[in-house]
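Q: There's a structure below that I have some questions on.
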Amino acid sequence: MKTDKRERASFKAGRGGERKPAFSGKRGRPAKKEGAGDSLLICGRNSVTEFLKSQGVRKVFVKEGKKDDRLLSMVKLAEKYGVPVEEVPEERLDNMAGGVVHQGAAALLKPYEYADLDRVLADWEGKDPILILLDGLEDVRNLGAIVRTAECAGAAAVLLPKHKSPPVTAAAMKTAAGAFAYLPVCQTGNIRQTLEGLKEKGFWVVGADMDGESLYFDANMKGPLVIVMGAEGKGVSPLTRKMCDFCVRIPMKGQVSSLNVSVAAALLIYEAARQRGRS
Numbered sequence: 143m144k145t146d147k148r149e150r151a152s153f154k155a156g157r158g159g160e161r162k163p164a165f166s167g168k169r170g171r172p173a174k175k176e177g178a179g180d181s182l183l184i185c186g187r188n189s190v191t192e193f194l195k196s197q198g199v200r201k202v203f204v205k206e207g208k209k210d211d212r213l214l215s216m217v218k219l220a221e222k223y224g225v226p227v228e229e230v231p232e233e234r235l236d237n238m239a240g241g242v243v244h245q246g247a248a249a250l251l252k253p254y255e256y257a258d259l260d261r262v263l264a265d266w267e268g269k270d271p272i273l274i275l276l277d278g279l280e281d282v283r284n285l286g287a288i289v290r291t292a293e294c295a296g297a298a299a300v301l302l303p304k305h306k307s308p309p310v311t312a313a314a315m316k317t318a319a320g321a322f323a324y325l326p327v328c329q330t331g332n333i334r335q336t337l338e339g340l341k342e343k344g345f346w347v348v349g350a351d352m353d354g355e356s357l358y359f360d361a362n363m364k365g366p367l368v369i370v371m372g373a374e375g376k377g378v379s380p381l382t383r384k385m386c387d388f389c390v391r392i393p394m395k396g397q398v399s400s401l402n403v404s405v406a407a408a409l410l411i412y413e414a415a416r417q418r419g420r421s
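Last residue of the sequence shown? That's 421 in my numbering, and every number before it is there in order.
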């Protein structure tokens with residue numbers, strides 16, 4: 143197999159003890175943290191609680207009237223972190239949630255800050271991190287689902303090429319059920335430069351493609367790994383595919399030719415985690 147033809151390098155955050163600059167598309171300058179807007183509203187007790195724990199909440203809204211123990215516990219947590227809490231009529235929460243089940247709680251988040259890839263790599267130096275790069279993803283709900291799976295599987299980060307992926311929005315956060323509070327999401331620049339830089343650090347790059355050389359569970363996905371997932375319906379772009387060390391496919395036995403991208407990503411992420419013996 144192509145994956146066995148060259149020796150895997152050990153992952154290092156930089157060569158000769160030096161850490162390379164972040165993969166922002168500009169060599170020699172760190173990636174700038176950017177927000178995705180000033181009005182990210184999330185709903186639901188679990189999501190609000192997780193973002194409170196990560197200190198990413200600007201303000202909490204809870205329904206007026208009698209509150210159960212879980213709501214009272216959430217209010218106390220907000221008070222602990224100095225986050226203002228406003229009681230509002232349930233009808234107002236309904237309007238704020240826009241049809242999403244809010245369970246009597248909502249929160250206005252601080253502007254989302256993308257993680258710095260250099261710092262992520264430094265935290266994982268000497269280990270076998272799994273990165274997921276999204277090449278042209280369009281649906282923010284798929285983004286949220288992938289971030290949720292990646293966090294649950296113990297991945298290191300999700301990479302969003304700035305001009306080929308959606309920004310982190312409230313809709314993505316709702317789908318992720320609080321995972322954005324824990325999993326780093328890095329906004330990167332040029333895909334080619336990003337992958338070249340990661341390869342220099344010892345990463346393998348595997349693309350998900352229906353014409354892949356091997357089935358995903360037969361491929362060697364140990365070691366530092368970048369899993370590249372393409373756009374809905376289009377898949378990985380031809381230029382990005384050329385940057386992959388190898389591509390894998392998922393066996394399809396039915397009449398439908400492909401899986402939802404977030405489901406396909408889940409299979410590859412968990413296979414990579416399985417090969418590392420994570421439980």
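Where a beta carbon is used, it is the ideal one built from N, C-alpha and C, also for glycine.
In the DSSP assignment, find the unbroken alpha helix (DSSP H) run with V370 in it and report its ends.
A: As a first step, residue 370 is located in the sequence shown; it is residue number 228 there, counting from the start. Per DSSP, V370 belongs to no alpha helix (DSSP H); it is in the beta strand (DSSP E), L367 to G372.
Q: Under a three-way DSSP split, which group does K222 fall into?
A: Mapped onto the sequence shown, residue 222 falls at position 80. Note: K222 maps to helix in three-state DSSP.
Q: Looking at the unbroken beta strand (DSSP E) that takes in F203, where does it start and where does it end?
A: As a working mapping, residue 203 is identified with position 61 in the sequence shown. V199 to K205 is the extent of the beta strand (DSSP E) around F203.
Q: Smallest Cα separation from D281: which of L301, I184, E374 and V390?
A: As a working mapping, residue 281 is identified with position 139 in the sequence shown. For the residues L301, I184, E374 and V390, the minimum Cα distance to D281 belongs to E374.
Q: Which residue marks the beginning of the alpha helix (DSSP H) containing L381, and which one marks its end?
A: Within the sequence shown, the letter at position 239 stands for residue 381. P380 to M385 is the span of the alpha helix (DSSP H), which, as asked, contains L381.
Q: In whole angstroms, give me the CA-to-CA distance for F193 and L251.
A: Here residue 193 is taken as the residue at index 51 of the sequence shown, counted from 1. Here residue 251 is taken as the residue at index 109 of the sequence shown, counted from 1. Roughly 8 angstroms between the two C-alpha positions.
Q: What three-state label does DSSP hand L410 in the structure shown?
A: The residue you call residue 410 lines up with position 268 of the sequence shown. Residue state, collapsed to three classes: helix.
Q: At the level of alpha carbons, what is the spacing between V225 and A248?
A: Working through the sequence shown from its first residue, we reach residue 225 at position 83. Working through the sequence shown from its first residue, we reach residue 248 at position 106. When rounded, the distance between both Cα atoms is 13 angstroms.
Q: Are G354 and C328 closer than 8 angstroms when you measure CB to CB?
A: Taking the sequence shown and counting its residues from 1, one reaches residue 354 at position 212. Taking the sequence shown and counting its residues from 1, one reaches residue 328 at position 186. No, the Cβ-Cβ distance between G354 and C328 is not below 8 angstroms.
Q: Nearest by alpha-carbon distance to T409: which of E267, A287 and P271 is it?
A: Sequence index remark: in the sequence shown, residue 409 carries index 267 (1-based). The residue you asked about is not Thr; residue 409 is Leu in the sequence shown. Of the candidates E267, A287 and P271, the one whose C-alpha sits nearest the C-alpha of L409 is A287.
Q: Tell me, please, whether the segment 337-346 touches the segment 307-316 by the rule of three or more beta-carbon pairs shorter than 8 angstroms.
A: With the cut-off at 8 angstroms, the segment 337-346 and the segment 307-316 do not touch.
Q: What whole-angstrom Cβ distance do G246 and K205 have, given they're in contact under 8 angstroms?
A: Numbered from 1 along the sequence shown, position 104 holds the residue referred to as residue 246. Numbered from 1 along the sequence shown, position 63 holds the residue referred to as residue 205. With a Cβ gap of about 4 angstroms, G246 and K205 count as contacting.
Q: Where does D270 fall in DSSP's three states?
A: To locate residue 270, count along the sequence shown from 1; it is residue 128. D270 falls in the coil class under three-state DSSP.
Q: Tell me whether M394 is buried or exposed, calling it buried when 16 or more other Cβ atoms sit within 10 Å of its Cβ.
A: Position 252 of the sequence shown, counting from 1, holds the residue named residue 394. Burial call: exposed.
Q: Rounded to whole angstroms, what's the CA-CA distance from R161 to G241? Just pull it up for me.
A: On the sequence shown, residue 161 is found 19 positions in, with the first residue counted as 1. On the sequence shown, residue 241 is found 99 positions in, with the first residue counted as 1. Residue confidence is low: R161 scores 34 on pLDDT, short of 50, so the model does not pin down where it sits. No coordinate-derived value is stated.
Q: Considering just the uninterrupted stretch of the alpha helix (DSSP H) at L263, what are its terminal residues?
A: Position 121 of the sequence shown, counted from the first residue, corresponds to residue 263. L263 -> alpha helix (DSSP H) spans L259 to D265.
Q: Which residues in the same chain have their Cβ closer than 6 angstroms to the Cβ of K147, if we skip the five residues on either side of it in sequence?
A: As a first step, residue 147 must be located in the sequence shown, where it is residue number 5. With a pLDDT of 49 at K147, under the threshold of 50, the predicted position of this residue should be treated as unreliable, though the coordinate-derived value follows. Around K147: no qualifying Cβ.
Q: Apply the 10 Å Cβ neighbour rule to Y412 and answer buried if 16 or more other Cβ atoms are within range, or exposed otherwise.
A: Numbered from 1 along the sequence shown, position 270 holds the residue referred to as residue 412. Classification of Y412: buried, given that the 10 Å Cβ count is 16 or more.
Q: Going by Cα to Cα distance, which pick from A321, A299 and R334 is closest to K306?
A: Position 164 of the sequence shown, counted from the start, is the residue given in the question as residue 306. Ranking A321, A299 and R334 by Cα distance to K306 puts R334 first.
Q: In angstroms with no decimal places, state the Cα-to-Cα distance between V403 and G372.
A: For the purposes of this step, residue 403 is taken as residue 261 along the sequence shown, with counting starting at 1. For the purposes of this step, residue 372 is taken as residue 230 along the sequence shown, with counting starting at 1. Spanning the two alpha carbons is a distance of roughly 8 angstroms.
Q: By a C-beta neighbour count over all protein chains shown, 10 Å radius and 16 as the cutoff for buried, is R416 buried or exposed?
A: Start at 1 with the first residue of the sequence shown, and residue 416 comes out as number 274. Result: exposed.
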